[in-house]
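A.B. asks:
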Amino acid sequence: MTDRHQGGRPGPLLPSERPVRFLTDGGTPARGRHPYPEPDQELLLRAYRRMVVGRRFDAQATALTKQGRLAVYPSSRGQEACQVGAVLALDDGDWLFPTYRESVALVTRGIPPVEVLSLLRGDAHCGYDPHRHHVAPQCTPLATQTVHAAGLAYAERRKGSGRVVLVFVGDGATSEGDFHEALNFAAVFRAPVVFLVQNNRYAISVPLERQTAAPALAYKGIGYGVRSEQVDGNDAVAVLAVLGAAVAHARSGGGPFLVEAHTYRLEPHTNADDATRYRADAETEQWRRRDPIARLKAYLRRSGRLGDDEAAAIAAEAEEVAARLRAGMNADPDLAPLDLFAHVYREPTPQLAEQRALLRSELQAEEVPA
Amino acid sequence: MTPAAGTTMAQALNAALRDALDGDERVLVFGEDVGPLGGVFRVTDGLTAKFGEDRCFDTPLAESGIVGFAVGMAMGGFRPVVEMQFDAFAYPAFEQIASHVAKMRNRTRGRVELPIVIRIPYAGGIGGVEHHCDSSEGYYAHTPGLKVVTPATVADAYSLLREAIDDPDPVIFLEPKKLYWSKAQVALPARTEPFGRAAIRRPGADATVVAYGPAVPVALEAAEAAAEEGWDLEVLDLRTIVPFDDDTVVASVRRTGRCVVLSEAAGFGGVGAEIAARVQERCFHSLLAPVLRVTGFDIPYPPPMLEHHHLPSVDRILDALDRLQRDDEPDTRYLLAGGVA
Ligand SMILES: Cc1ncc(C[n+]2csc(CCOP(=O)(O)OP(=O)(O)O)c2C)c(N)n1
Numbered sequence: 001m002t003d004r005h006q007g008g009r010p011g012p013l014l015p016s017e018r019p020v021r022f023l024t025d026g027g028t029p030a031r032g033r034h035p036y037p038e039p040d041q042e043l044l045l046r047a048y049r050r051m052v053v054g055r056r057f058d059a060q061a062t063a064l065t066k067q068g069r070l071a072v073y074p075s076s077r078g079q080e081a082c083q084v085g086a087v088l089a090l091d092d093g094d095w096l097f098p099t100y101r102e103s104v105a106l107v108t109r110g111i112p113p114v115e116v117l118s119l120l121r122g123d124a125h126c127g128y129d130p131h132r133h134h135v136a137p138q139c140t141p142l143a144t145q146t147v148h149a150a151g152l153a154y155a156e157r158r159k160g161s162g163r164v165v166l167v168f169v170g171d172g173a174t175s176e177g178d179f180h181e182a183l184n185f186a187a188v189f190r191a192p193v194v195f196l197v198q199n200n201r202y203a204i205s206v207p208l209e210r211q212t213a214a215p216a217l218a219y220k221g222i223g224y225g226v227r228s229e230q231v232d233g234n235d236a237v238a239v240l241a242v243l244g245a246a247v248a249h250a251r252s253g254g255g256p257f258l259v260e261a262h263t264y265r266l267e268p269h270t271n272a273d274d275a276t277r278y279r280a281d282a283e284t285e286q287w288r289r290r291d292p293i294a295r296l297k298a299y300l301r302r303s304g305r306l307g308d309d310e311a312a313a314i315a316a317e318a319e320e321v322a323a324r325l326r327a328g329m330n331a332d333p334d335l336a337p338l339d340l341f342a343h344v345y346r347e348p349t350p351q352l353a354e355q356r357a358l359l360r361s362e363l364q365a366e367e368v369p370a
Numbered sequence: 001m002t003p004a005a006g007t008t009m010a011q012a013l014n015a016a017l018r019d020a021l022d023g024d025e026r027v028l029v030f031g032e033d034v035g036p037l038g039g040v041f042r043v044t045d046g047l048t049a050k051f052g053e054d055r056c057f058d059t060p061l062a063e064s065g066i067v068g069f070a071v072g073m074a075m076g077g078f079r080p081v082v083e084m085q086f087d088a089f090a091y092p093a094f095e096q097i098a099s100h101v102a103k104m105r106n107r108t109r110g111r112v113e114l115p116i117v118i119r120i121p122y123a124g125g126i127g128g129v130e131h132h133c134d135s136s137e138g139y140y141a142h143t144p145g146l147k148v149v150t151p152a153t154v155a156d157a158y159s160l161l162r163e164a165i166d167d168p169d170p171v172i173f174l175e176p177k178k179l180y181w182s183k184a185q186v187a188l189p190a191r192t193e194p195f196g197r198a199a200i201r202r203p204g205a206d207a208t209v210v211a212y213g214p215a216v217p218v219a220l221e222a223a224e225a226a227a228e229e230g231w232d233l234e235v236l237d238l239r240t241i242v243p244f245d246d247d248t249v250v251a252s253v254r255r256t257g258r259c260v261v262l263s264e265a266a267g268f269g270g271v272g273a274e275i276a277a278r279v280q281e282r283c284f285h286s287l288l289a290p291v292l293r294v295t296g297f298d299i300p301y302p303p304p305m306l307e308h309h310h311l312p313s314v315d316r317i318l319d320a321l322d323r324l325q326r327d328d329e330p331d332t333r334y335l336l337a338g339g340v341a
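One line per chain: the protein sequences are A and B, in this order. Counting in my numbering, the final residue of the first sequence is number 370, and the numbers go up one at a time with none missing. Counting in my numbering, the final residue of the second sequence is number 341, and the numbers go up one at a time with none missing.
#1: Compare the C-alpha of A:T263 against each of A:L196, A:G32 and A:L117 and name the closest.
#2: Between the C-alpha atoms of A:F377 and A:D94, what's the straight-line distance to the nearest angstrom?
#3: Is it the case that the Cβ atoms of A:A216 and A:P15 are separated by a distance below 8 Å?
#4: Does ligand 1 have even one heavy atom less than 7 Å from the beta-carbon of A:A365?
#5: Taking DSSP's pairing of strands, which residues face B:E234 in a bridge?
#6: Quick check: is the beta carbon of A:M1 nearer than 8 Å to any beta carbon in chain B?
#7: Within the present structure, is the beta-carbon of A:A86 separated from the nearest heavy atom of ligand 1 by less than 7 Å?
#8: Mind checking whether the beta-carbon of A:Q198 lies closer than 7 Å to any heavy atom of ligand 1?
#9: Under 8 Å, Cβ to Cβ, is there at least one residue of chain A near B:F94?
#10: Verify the CB distance criterion: does B:A15 have a CB-CB separation below 8 Å to chain A?
#11: Return helix, strand or coil for B:Y180, following the three-state DSSP convention.
#12: I'd like to confirm something about A:D171: is its beta-carbon nearer than 7 Å to some heavy atom of ligand 1, or not?
#13: Taking A:V72 as the reference, which of A:V52, A:R101 and A:D40 has the closest Cα?
#14: What residues in the segment 134-156 of chain B bring their beta carbon closer than 8 Å to a beta carbon of chain A?
#15: Just tell me which of A:A318, A:P348, A:E362 and A:S361 has its CA closest to the CA of A:D58.
#16: Under the rule that 16 or more other beta-carbon atoms within 10 Å means buried, what is A:R288, buried or exposed?
#17: What are the residues in the segment 71-98 of chain B lying within 7 Å of chain A by C-beta distance?
#18: Closer than 8 Å between beta carbons: that is the criterion. Which residues of the segment 40-65 of chain B meet it against chain A?
#19: Shorter than 7 Å, the distance from the beta carbon of A:L142 to the closest heavy atom of ligand 1, or not?
#20: If you measure between the beta carbons of B:V117 and B:V171, is that distance less than 8 Å?
#21: I need the DSSP call for A:Q230, collapsed to helix, strand or coil.
#22: Flag B:I97 as yes when its Cβ comes closer than 7 Å to any non-hydrogen atom of ligand 1, and as no otherwise.
#23: In its own chain, which residues sit with a C-beta less than 6 Å from the C-beta of A:G225, not counting the 5 before and 5 after it?
#24: Is it right to say B:R333 is buried, meaning 16 or more other beta carbons lie within 10 angstroms of its own, or is it exposed?
#25: Check each residue of the segment 108-127 of chain B: if its Cβ is closer than 9 Å to any Cβ of chain A, include it; give the result in chain order.
#26: Near A:V87, which residues of its chain fall below 8 Å by C-beta distance, leaving aside the five closest residues on each side in sequence?
#27: Using a Cβ-Cβ cut-off of 8 Å, state whether B:R197 counts as contacting chain A.
#28: Quick check on the DSSP output: the alpha helix (DSSP H) that includes A:N184 runs from which residue to which?
#29: Using three-state DSSP, classify A:N200 as helix, strand or coil.
#30: B:H100 CB to nearest chain A CB: under 8 Å?
#31: If I follow the unbroken alpha helix (DSSP H) through A:H262, where does it start and stop?
#32: Of all the residues that make up the segment 150-163 of chain A, which are near chain B by a beta-carbon distance shorter than 8 Å?
#33: I want to see whether chain A comes within less than 8 Å of B:R105, judged by CB atoms only; does it?
#34: Taking just the CA atoms, how far does A:G254 sit from A:A371?
#35: Please report the Cβ distance between B:A93 and B:P176, rounded to the nearest whole angstrom; I am assuming they are in contact, meaning their Cβ atoms lie under 8 Å.
#36: Hey, is A:G32's beta-carbon within less than 8 Å of any beta-carbon in chain B?
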C-alpha cells in the first residue's frame, strides 16, 4: 500500500469554492482570490479574434442547416471561451478529443471548415485526418472518447513525447460510466490529459440537477485522485488561465487535471431541438448578458489592446471565413459509394468484395438509360 | 521447444504472447490480473517477470476502460493485446468494441488504424457458474470491422494469435476455455494457415460437419462414432469466423451433398444460422438434404450440473445425421458420377 492510500484530506485536489473568474459579467476586473496569473495580453487578443471568427462560423453553419446543407448542427454559441480557450491553451502537437459540439474548437485548431462539417453534412463520418491535426474524430457516443484520451495520453507519456491531451465532455456525459473509468485510468497511469467539462447546464432537455447531487461537477475528479478546478466558462481570461495551469500540470508529469467550465448554450441542443419546452426565456436572457465575447471585448477595449482598426479587421476576417464556408458547403461533395467497402478492413474480405461488385453493377445500371 | 508431454493450448497462447512481446516493442499486454498472477487461466504467466511492468500490466477493474484505453494507446502507436477475464465480463466493453474498435478505420477512411487484439476466454464445458460460459461470438461476428478468430488446436492457438497481433485490424480472439488444457506435440513457433482459411480436420465423403472453436473436438468425436454407422464425415474447422471461408465450405458441401452446422452457441440468430444460410445459398443444387444445425438451446447458459444437456453432444449430432435423408436417396457418389437418378 502506498502512502496516498492512507486516508487524509483531499486538500490539494479540491477545486476553488467558486468558479475562478478574472472578469465580471460586464468585463471589468473581478475581485476574488485564486492562484492563477493572468494570461498575457497577446494571447487574450488572439482568443478574442478566434472567438469572433468562431461565432461567425457557428452562425453560418446554423444558416446552412436551415438551407438544408447540413443534416444537423449542434451550435457552440455561448461556449466560445471554452472552445477557443481549450485550443489556445495547447501546443499544435497536443491532441484534442472533441464531441459533436466542438466545431468551433476544430476550426480554431486550423482544420478546414468544410472538413470540420463533413460529419454534420453527411458526406463522411470524419472529414479530416486525425493524425495530421492531432484531433480525434468528433465523438457522438457520450463520454466514450474520454477513455481514448486517457489511453493516448498514456501512450504519449510512454513515448516521452511531452504531448498533452485535452478531452471535451458535456455535463450530461459526466454521468456516463466511461467518464469515471477514464478519470480513474488517467489517474492510475498518470496520463497527461486534461478533462474539460463544459457544463452548459443541459443535456438536451435534462437539467444539471438531474445529473448530479455533487456541489459541482469538478468534485467528480477528487475521488479518483485527480486535481480539479472550476472556472467561469464565459470568462475567456479565466478559462485561459486555468486551462494553462492544467496543461502545464499535465505536461510536467503531474497527471490528469479536471476543469469544469460553467457556461451555457444559447441555442437549442441542435437545430432540431425546441428549447422552449424545457427552459425559460428569462434564463437564456440572463446568460446573454454574460456573453463571453462581449465580456472579453469590453476588457480588451478598456485596457487599450483592442482598437477600432483591429476590431474592424477581425470582423472582416470573420466575414471572409463565413463566405468561404458558404462557398465550400454550397458545392456538392464528391461522393464515392464504392468507397463504402474500402475501409471496413485494410483488405476487404471476400464477402465485401462480392457486395462491392453488387453495388457497382447497381450503379452502372443507374447510369445506363433504360 | 517441444515438451515431451506435449504443449497445452494455454502454453501455446502464452508462447505466442511472449514471442510477440519479444519481437515488437510496441506490443503491450494488459487487463485484469494479467500481471504477476499471470491471468486466471495463466495465459500471461511469466510475462511481467520477463518483460517488466511496462509491457504486461494490470489495470483498474473496468472492461470498458480497458478497451477504450487500448483504443487511445493504439492511436498513439502501440499494439495492445488486452484480456477480458471471461466472455460475459466483456459486455461492459461492448460499446467501446462496437462503436469505436470496429468502426475507427471506417470512420476515418483508413487514416486511423486500431491494431488491437481483444482476447476473450469463452464458451462452456468447464463446469463454470453463471456468467462464465457464454458463447458470445455472434455479437462480434455481426459487427462489421471486427475479425473474429477462434482456435481449436494447439498449433492454431499459437499461429492465429501471432497473426492477430500482427494484423492491422482489430481482432476478437476467442479462446475456448475447455480447450486450454488440451495438448498436442507441436514445435513452436508454429505457423499454420492464415486468417480466412478453414481447415479440413477430417476428410470424408458423405456429409460435411462445419464447426469452430470448442465444437471442433466434438465434431471429430462424432465423426468417429458415425463411422461405425457407416457415415464418412468430413469435419471442417473454420478457425476464423470473420473473415469467413466460403470457398472451402462450399467446395466440401458440393462434394458431400449434405451439411450439418455445429455450434455451442444458442442457435437462433447465431453464427450457425449464418453458415447454414450461406451453404444453402451457394450449394442448393448440390444438396441432397436440408442443411441442419446442431447448436445449444435458446436458453441462458445453464448451471454446471445441467450444462451437458445443453451442449451439442455426439448423440445429438448422430441424430441429425439420421435426418439427412440418406436412406431415401440414391447414393451420392453414384448420383454425381453417373447422373442416373
Ligand atoms: C451514449 C449516448 N447516449 C445518448 C446519446 C444521445 N445524446 C446526444 S447528445 C445528448 C446530451 C448530451 O449532453 P451533454 O453531455 O451535457 O453535452 P451537450 O450536448 O450539452 O454539449 C444525448 C442524450 C448519445 N449521443 N450517446
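No residue lacks a Cβ here, since even glycine has one placed at the ideal position from N, Cα and C.
C.D. replies: Let me lay it out:
#1: A:L196
#2: This structure gives no information on residue 377 of chain A, because the portion of chain A shown stretches from 1 to 370.
#3: yes
#4: no
#5: B:T208
#6: Any answer about A:M1 is weak, because its pLDDT of 41 lies below 50 and its placement is not dependable; what the coordinates show is given next. Chain B, which has no Cβ nearer than 8 Å to the Cβ of A:M1, makes this no.
#7: no
#8: yes
#9: no
#10: no
#11: coil
#12: yes
#13: A:R101
#14: P144, G145 and K147
#15: A:A318
#16: exposed
#17: V71, G72, M73, M75, G76, G77, F78, E95 and Q96
#18: D54, T59, P60, A62, S64 and G65
#19: yes
#20: yes
#21: strand
#22: no
#23: A187
#24: Below a pLDDT of 50, predicted positions are generally treated as unreliable, and B:R333, at 48, falls in that range; the measurement from the model is reported next regardless. Under this definition B:R333 is an exposed residue.
#25: T108, R109, G110, R111, V112 and E113
#26: R50, L96, A105, T108 and R109
#27: no
#28: G177 to V188
#29: coil
#30: yes
#31: Segment F257 to H262 is the beta strand (DSSP E) holding A:H262; no alpha helix (DSSP H) there.
#32: A150, G151, L152, A153, Y154, A155, E156, R158 and K159
#33: yes
#34: Beyond the ends of chain A as shown, which are 1 and 370, falls residue 371 of chain A; an answer cannot be given.
#35: 20 Å between Cβ atoms; not a contact.
#36: no
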